[in-house]
Amino acid sequence: MLSLLDKTVRTAKWHGQPLPETSQASVKETLNGDFVLTFTYPITDSGLYHNLKEDYLICSPTPVLGHQLFRIKKVIEGDTSLEVIAYHISDDIMTRLVSPFRCEQVSCATALSSMVMASKSPLGDFSFTSDIVKNRTYTADKEQTLYSALLDGKHSIVGTWEGELVRDNLALSIRAERGQDRGVVISTHYNLKKYQRTKESSQIITRIHATSPFKQESQDEETVLQVTVDSPLITQYPFINEVTYTNNNLKTRQELIEWASAKFRLEGIDKPKDAIVIGAFELDGQSVHLGDTVTLKSKLHEIDMKKKAVAYDYDPLAKSYRAITFDDQAGVASSPSSGSLSTLASNLIDGNKRSEDVAIDRAIENANRAIEAEFEKRKVAIDDAIEQAQSHGEVYADQLKAGIDGELSALQQQMRQQEEENNRTIRDLLAKAGANTDLATEAKQRISTAENSITQTVNGLEQLSTRVTESAGKLSQAETQIQQLVGEVSSKVSQTTFANLKRRVDSQATSINQNQSAIALKAEQLYVDGVKMVADSALLQASSNQSLIVQTKAELRVAMDGIQSSVAKIDYDSLTGRISSAETTIRMQAGEITKRLTSTDVDSKLKHYATVTTFQEVKDTVTGHTRTIGDHTNQISQVVQTANGIVTRVGNLETSRATTATVTAIQTQVSTLAGSWAVRNLTSRGTVLSQLNLNKDGTVKIDGKLVQITGTTYIQDGVIASEKIASLDAGKITSGIISATRIGAEAITADKLKVDQAFFHKLTANDAYLRQLFAKSAFITQVQAVTLSANKIAGGVLTATNGAMKINLTQGNIKFFTNSPSISREVTGYPHQWVSFETGTSNGKPCGVTVIGSNRWNNWNTNDGGFVGIRAWNGANNDQIDIVGDKVRLASSPYTNPDGWSIMTLPKRLSIDAYDSSDRPSSVLNIGDIRLFRSGTNYVSLKDVLHQFNHNFKHLVNITGRGDVLLTWDTIK
Numbered sequence: 001m002l003s004l005l006d007k008t009v010r011t012a013k014w015h016g017q018p019l020p021e022t023s024q025a026s027v028k029e030t031l032n033g034d035f036v037l038t039f040t041y042p043i044t045d046s047g048l049y050h051n052l053k054e055d056y057l058i059c060s061p062t063p064v065l066g067h068q069l070f071r072i073k074k075v076i077e078g079d080t081s082l083e084v085i086a087y088h089i090s091d092d093i094m095t096r097l098v099s100p101f102r103c104e105q106v107s108c109a110t111a112l113s114s115m116v117m118a119s120k121s122p123l124g125d126f127s128f129t130s131d132i133v134k135n136r137t138y139t140a141d142k143e144q145t146l147y148s149a150l151l152d153g154k155h156s157i158v159g160t161w162e163g164e165l166v167r168d169n170l171a172l173s174i175r176a177e178r179g180q181d182r183g184v185v186i187s188t189h190y191n192l193k194k195y196q197r198t199k200e201s202s203q204i205i206t207r208i209h210a211t212s213p214f215k216q217e218s219q220d221e222e223t224v225l226q227v228t229v230d231s232p233l234i235t236q237y238p239f240i241n242e243v244t245y246t247n248n249n250l251k252t253r254q255e256l257i258e259w260a261s262a263k264f265r266l267e268g269i270d271k272p273k274d275a276i277v278i279g280a281f282e283l284d285g286q287s288v289h290l291g292d293t294v295t296l297k298s299k300l301h302e303i304d305m306k307k308k309a310v311a312y313d314y315d316p317l318a319k320s321y322r323a324i325t326f327d328d329q330a331g332v333a334s335s336p337s338s339g340s341l342s343t344l345a346s347n348l349i350d351g352n353k354r355s356e357d358v359a360i361d362r363a364i365e366n367a368n369r370a371i372e373a374e375f376e377k378r379k380v381a382i383d384d385a386i387e388q389a390q391s392h393g394e395v396y397a398d399q400l401k402a403g404i405d406g407e408l409s410a411l412q413q414q415m416r417q418q419e420e421e422n423n424r425t426i427r428d429l430l431a432k433a434g435a436n437t438d439l440a441t442e443a444k445q446r447i448s449t450a451e452n453s454i455t456q457t458v459n460g461l462e463q464l465s466t467r468v469t470e471s472a473g474k475l476s477q478a479e480t481q482i483q484q485l486v487g488e489v490s491s492k493v494s495q496t497t498f499a500n501l502k503r504r505v506d507s508q509a510t511s512i513n514q515n516q517s518a519i520a521l522k523a524e525q526l527y528v529d530g531v532k533m534v535a536d537s538a539l540l541q542a543s544s545n546q547s548l549i550v551q552t553k554a555e556l557r558v559a560m561d562g563i564q565s566s567v568a569k570i571d572y573d574s575l576t577g578r579i580s581s582a583e584t585t586i587r588m589q590a591g592e593i594t595k596r597l598t599s600t601d602v603d604s605k606l607k608h609y610a611t612v613t614t615f616q617e618v619k620d621t622v623t624g625h626t627r628t629i630g631d632h633t634n635q636i637s638q639v640v641q642t643a644n645g646i647v648t649r650v651g652n653l654e655t656s657r658a659t660t661a662t663v664t665a666i667q668t669q670v671s672t673l674a675g676s677w678a679v680r681n682l683t684s685r686g687t688v689l690s691q692l693n694l695n696k697d698g699t700v701k702i703d704g705k706l707v708q709i710t711g712t713t714y715i716q717d718g719v720i721a722s723e724k725i726a727s728l729d730a731g732k733i734t735s736g737i738i739s740a741t742r743i744g745a746e747a748i749t750a751d752k753l754k755v756d757q758a759f760f761h762k763l764t765a766n767d768a769y770l771r772q773l774f775a776k777s778a779f780i781t782q783v784q785a786v787t788l789s790a791n792k793i794a795g796g797v798l799t800a801t802n803g804a805m806k807i808n809l810t811q812g813n814i815k816f817f818t819n820s821p822s823i824s825r826e827v828t829g830y831p832h833q834w835v836s837f838e839t840g841t842s843n844g845k846p847c848g849v850t851v852i853g854s855n856r857w858n859n860w861n862t863n864d865g866g867f868v869g870i871r872a873w874n875g876a877n878n879d880q881i882d883i884v885g886d887k888v889r890l891a892s893s894p895y896t897n898p899d900g901w902s903i904m905t906l907p908k909r910l911s912i913d914a915y916d917s918s919d920r921p922s923s924v925l926n927i928g929d930i931r932l933f934r935s936g937t938n939y940v941s942l943k944d945v946l947h948q949f950n951h952n953f954k955h956l957v958n959i960t961g962r963g964d965v966l967l968t969w970d971t972i973k
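No gaps in the numbering here: position 836 of the sequence shown is 836 in full-length UniProt numbering, and each next residue is one more.
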């Protein structure tokens, strides 16, 4: 949509008042030519058409450049609508006057800066810049308009540097190539919808008269080379069209001929103009803009060629091209066809030269504006790119995270399936071999087979170790306790204690039938074998549950506890009738124990007790082989082998003061199956502490609280959900976002960035601190440097930082603004030589003293015997020149062939003589009189003496009457 802005607006950032009723609009731009907006606005009751006045600005969309400002220049009011014609805002300065200026062998940006300096009035917010670094010479020997200097013909800046002008609101730039070859092909039946071809021969050039004026270093007069070069096609035309071109850089005729021939060969000025206007559909994302090169194909029109887009017609409402004009090359406007601008400019040439200081300031302002305009554009583009890159990075990161999460989920699911399959296979293998899958359960079962009454194994062992030093008297006390226990058991059967027994029954997990059988077995063994068999039975029981019973007293105590548990574990509802039987059995066993257990027997049997207990079990079945090895230190290992695989387990019982329900074990299990291998560290509950699985599908799982890998590790393709890396060395990292603070894939934002080598296609910075800078081409508005070294420096004005001097290279002058400035030479072994500009006084008044001289005493004093030279005094009342030297020569010949006058200035030896004695007869002294001094103050006039001689000779003639006296003195008057 178009919008209306006030005539003083200087930016297109704000769109102003919308013009929604615009019915038709067109933006037309020609490469190095006009840039015009035309639109039609209806006359309606809204009254918005009243605001469309001359010199107001219109903001309109354009291709590539975005919104541009156009100034209304013509409004044609019709019956129902307004026809508005607006020119690009850059036309505001095209009629400014530019003083004559010259640029020799400089870049295009420098030439534009010189043009701005030569402008007779400030150019305001407009800026000029260029990316063309090739050197050319441009001369404007007369006053002209800025349009003429910039665009009008081949002898303009655009024509001289063969560039292409880009108008971007207030920023104007000349580029070597505005567009590019995008590889677009426009062909019939594909995307070509309109075709118009125009061929014209009126602008053909077939003969060039080339000139090159220049000055040699040792010559005062200008040398002019002139050659005439004909086109190779001159015979193909029935006419001859001539043109004159000037090149100030060529010093030989051959160079001038080659340069003129290149105009025909490279620029094609001897060929007819061939312009093609087409309309094309944009397909598959193809787009063409001004300055781009495309390939045109049409079988119907017999064309297959590359053409450059040199003009377009753009619809700013639909934001699409209507038509694009293609030609062989970009044209440069010439005076006859430059339109109203050149016509107006020819009537405005008037004014005078500008001050160099103002020119420099304007050049600096222009450069600053150009850089700021370009910087702002690039900053916006970079900010947009960063935001876009961050957005892309976030999207990519989310996609990558989702992908990683998906891969991890699939991997975890796959690992779980493999683990479950392996576990199931191992369980089946152990089941076929008859091995218990739980070491803790296996230990509990071995304890139960020995004595279910030993429910407090650890507590019993502690009590046993405490009582190992007790005396035989305590054994008797134990007998008494057992007898008391029998009575206690009898009393507990009574109804009064039945409630307590019921609570104890609820807390146990072993039936009275099992305890009754065990007690009977124990009593039978004690009865038959005595105390020794009791110890052996205890040893067997200890071996079964991996515990060492080193005291027979502990067996008795455990038995007592077991009896208590047995009674306490009675289920009243089902076992009431069995209590009586148990009591009877207990009494019988207690009685037998009392009869046969003495302290002497115990002591004698303990001496033969085994202090080391281990066990082995080998079990072979049809389906497998099992071997189990254990010892009294709670260690147990087992190997199970079947046709499906081999399982190796090494375990360790963890014992503490606890019930059987809390007895735990740690085991290491190694399983080898067909296609898989696993090592796992498990608890008795089956919890995996750590594991390493090699699965049959090729996956490997390492699971543990901490995994440490030492040495060099190579990961070909890894997905890591979360990581902390102290140091990372990578050849390539591809990621959406890497958080350092933040590093984006398409944009890098960081407080500090350090690289050893980096290539930047474009670099924009507010502040840049560089230790070393190498640049092929640099355009800098202001340079502050401690040391500046260069093989060649070309510029306009060099100014001292303190304002002491200024060198204007363009005008060829040096100015000093301080006392005693000088140009000097100081070489060891030679006198000091210099030209200085001193200040002094003469007759009490200030005056300037210009000194050209040398001092053989190696100082800069102009007032001692070592000085020789010239002192020129000039003041309000003083004009004086001192020529200082023992001998002053006035000569016309070289130093090696002296002649002329020789003047001696030494005291008492003053003389003026011809340097060559042969010149004395022909020497002439033209004077009015000569004073002949007798002393320092007394003299006689030679003229008076000669007059007196003449008078005396006349008297002599009169007296003597002789006529032979020559009156030679009559000529003296």
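Every residue gets a Cβ at the ideal spot worked out from N, C-alpha and C, and that includes glycine.
The structure displayed is predicted, hence computed values, not measured ones.
Check	Outcome
Report yes if the CB atom of Ile204 is closer than 8 Å to the CB atom of Asp125, and no otherwise.	no
Expressed to the nearest angstrom, what Euclidean distance is found between the alpha-carbon atoms of Thr687 and Thr668?	12 Å
Within 10 Å of its beta-carbon, does Glu242 have 16 or more other beta-carbons around it, so buried, or fewer, so exposed?	exposed
Around the C-beta of Gly796, are 16 or more other C-beta atoms found within 10 angstroms, so that it is buried, or is it exposed?	buried
Apart from the five residues just before and just after Tyr314, which ones in its own chain have a Cβ nearer than 8 Å to its Cβ?	Ser26, Val27, Lys28, Glu29, Thr62, Pro63, Ser320, Tyr321, Arg322
From the DSSP output, read off the bridge partner residues of Gly651.	Ile636, Gln667
Hey, quick one: how far does the alpha helix (DSSP H) through Trp259 stretch, first residue to last?	253-267
Considering just the uninterrupted stretch of the beta strand (DSSP E) at Gly159, what are its terminal residues?	Taken as a continuous stretch (DSSP letters only), Gly159 belongs to no beta strand (DSSP E), being part of the alpha helix (DSSP H) at 157-161.
First and last residue of the alpha helix (DSSP H) that includes Met117?	108-118
For Arg253, I'd like the list of residues in its chain whose CB is within less than 8 Å of its CB, leaving aside the five on either flank, ordered along the chain.	Leu225, Val227
For Leu256, which residues in the same chain have their Cβ closer than 6 Å to its Cβ, ignoring the five residues on either side in sequence?	Ala210, Ser212, Leu225, Val227, Leu250
Could you round the C-beta distance between Trp834 and Gly853 to whole angstroms and report it? I think they count as a contact, below 8 Å.	7 Å
Counting C-beta neighbours from all protein chains within 10 Å, is the total for Trp161 16 or more, i.e. buried, or is it exposed?	buried
Just mark Ile324 as buried or exposed, buried being the case when its beta carbon has 16 or more other beta carbons within 10 Å.	buried
Rounded to the nearest angstrom, how far is the Cβ of Ala109 from that of Ser127, given a contact under 8 Å?	About 11 Å; that fails the 8 Å criterion.
How big is the Cα-Cα spacing for Ala260 and Ala86?	40 Å
Can you give the Cα-Cα distance for Leu52 and Leu773, rounded to whole angstroms?	52 Å
Who are the near neighbours of Glu838 in its chain, counting only those whose CB is closer than 8 Å to its CB and skipping five residues on each side?	Asn819, Ser820, Gly848, Val849, Thr850, Val851, Thr862
Going by DSSP, name the residue or residues bridged to Ala309.	Phe326
Taking the beta carbon of Phe101 as the centre, do at least 16 other beta carbons fall within 10 Å, making it buried, or is it exposed?	buried
Which residue marks the beginning of the alpha helix (DSSP H) containing Gln948, and which one marks its end?	942-960
What's the gap between the Cα of Glu302 and the Cα of Gly163?	31 Å
Assign Tyr321 to one of three DSSP states: helix, strand, or coil.	strand
Please check the pair Leu31 and Arg197, which I expect to be a contact at CB under 8 Å, by giving their CB distance rounded to whole angstroms.	Wrong, their Cβ atoms sit about 18 Å apart, outside the cutoff.
What is the rounded straight-line gap between the Cα of Arg871 and the Cα of Ala804?	23 Å
How long is the line joining the alpha carbons of Asp428 and Thr623, rounded to whole angstroms?	11 Å
If you drop the 5 nearest sequence neighbours on each side, which residues of the same chain put their C-beta closer than 7 Å to that of Thr137?	Cys103, Glu104, Gln105, Asn248, Asn249
Could you name the residues that DSSP lists as bridge partners for Gly875?	Cys847, Asn878
Between Gly866, Thr896, Arg649, which has its C-alpha nearest Arg627's C-alpha?	Arg649
Would you identify the three-state DSSP class for Gln641, choosing helix, strand or coil?	strand
Can you say whether Met305 is buried or exposed, counting buried as having 16 or more other CB atoms within 10 angstroms of its CB?	exposed
I think Pro272 touches Ser187, with their Cβ atoms under 8 Å apart; what is that distance to the nearest whole Å?	About 24 Å; that fails the 8 Å criterion.
Roughly how far, in whole angstroms, is the beta-carbon of Gly49 from the beta-carbon of Leu82, given that I think they are within contact range, below 8 Å?	It is Tyr, not Gly, that sits at residue 49 in the sequence shown. Right, their Cβ atoms sit about 5 Å apart.
Does DSSP put Thr828 in a helix, in a strand, or in coil?	coil
Between the Cα of Gly651 and the Cα atoms of Glu21, Val639, Ile702, which residue gives the shortest distance?	Val639
Which partner residues of Asn681 appear in the DSSP bridge assignment?	Thr668, Ser690
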